[in-house]
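This report concerns only the one structure given below.
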Amino acid sequence: MKWSFVIRQKVKAAVVLAGILVVIMLASLSTNQTIQVMDQSLESVFVDRLQPAVDLVFLSENLYNRRLLVQGYLTDSSSISTGEPVKTSGIDNSERNRLISSFEKTSLTALEAKKLSYFKDRLKAYDRLENSVLQLISRNRHQEAGLLFGDQGAIIFREAVSTLHSIAQIQSDAGKKTIKSAHGQAAGGLINISLLLAVCIVIGLVILNLLKNQSLVDQKSETFHLN
1 MKWSFVIRQK
11 VKAAVVLAGI
21 LVVIMLASLS
31 TNQTIQVMDQ
41 SLESVFVDRL
51 QPAVDLVFLS
61 ENLYNRRLLV
71 QGYLTDSSSI
81 STGEPVKTSG
91 IDNSERNRLI
101 SSFEKTSLTA
111 LEAKKLSYFK
121 DRLKAYDRLE
131 NSVLQLISRN
141 RHQEAGLLFG
151 DQGAIIFREA
161 VSTLHSIAQI
171 QSDAGKKTIK
181 SAHGQAAGGL
191 INISLLLAVC
201 IVIGLVILNL
211 LKNQSLVDQK
221 SETFHLN
């Protein structure tokens, strides 16, 4: 009788422990996946949001520097001789192009891609206008150059800068969504950890119950032999 009881208890314990092991395995896999997703989210915040935001600042600075350079030519006619071929040698376009190319390689939303395409179009328009202004200056037609620079040039410049600001806002909103998603994943990870702690408690209770039952069986066995 004692052995049949012990066997039944062992079978029950084996079933319970097997179920617990399955729960632990599933919770561990889920936690591991959550950590991986959180790691990807954090990396995305830097690669696709923070670094591009810095690039936007440099692009904006590039625009202002170009405008100040041309404005300097307008106010100082001696900086460009009549008939001399002119170009904005004070600004390196390769850096600007590198920043744009780097930005295009990040994970862009559909709206970001649309805004970036429009920004590139405004840059091309501004480059053409800038060259026209400088050519007018080199021909000593400063008044025409000033009007073109102050009117149409100002409009294109504002459109380009405004587009950069819009992209920056999209970056901010997308970053907030990514962080919110990471918080949700962290909450899921905490649930898994709580589940594992609960499983540990259950294992402890099962062990205590087995020890208690074994003690009762031993006591009954001793009583039976005494009788």
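Numbering (full-length UniProt numbering), first residue to last: 1 to 227. Heads up, the beta-carbon is just placed ideally off N, CA and C, and yes, glycines get one too. All figures in this text were calculated on a predicted structure; none of them were measured in a lab.
Which listed residue (Asn140, His183 and Arg49) has its alpha carbon closest to that of Lys105: Arg49
Exercise. Who are the Cβ neighbours of Gly146 in its own chain at under 6 Å, not counting the five residues just before and after it?
Worked result: Leu74
- Message: Does the CB of Ile201 have a neighbour CB from chain C at under 7 Å?
- Response: As a matter of chain content, chain C is missing from the structure shown, which is built from one protein chain.
Item to complete: With distances taken Cα to Cα, identify the nearest neighbour of Ile35 among Phe119, Lys176 and Gly188.
Response: Gly188
Endpoints, alpha helix (DSSP H) assigned at Phe149: His142 to Gly150
Quick one: grab the DSSP three-state call for Asn65. helix
In three-state DSSP terms, what is Leu129?
helix
**OP:** Over the uninterrupted alpha helix (DSSP H) stretch that includes Phe103, give me the two end residues.
**Re:** Asn93 to Glu104
Practice item. Compare the C-alpha of Leu59 against each of Ala110, His183, Gln143 and Leu99 and name the closest. Key: Leu99
Self-check item: Coil, strand or helix - Thr34 by DSSP
Solution: helix
Q: Return helix, strand or coil for Thr109, following the three-state DSSP convention.
A: coil
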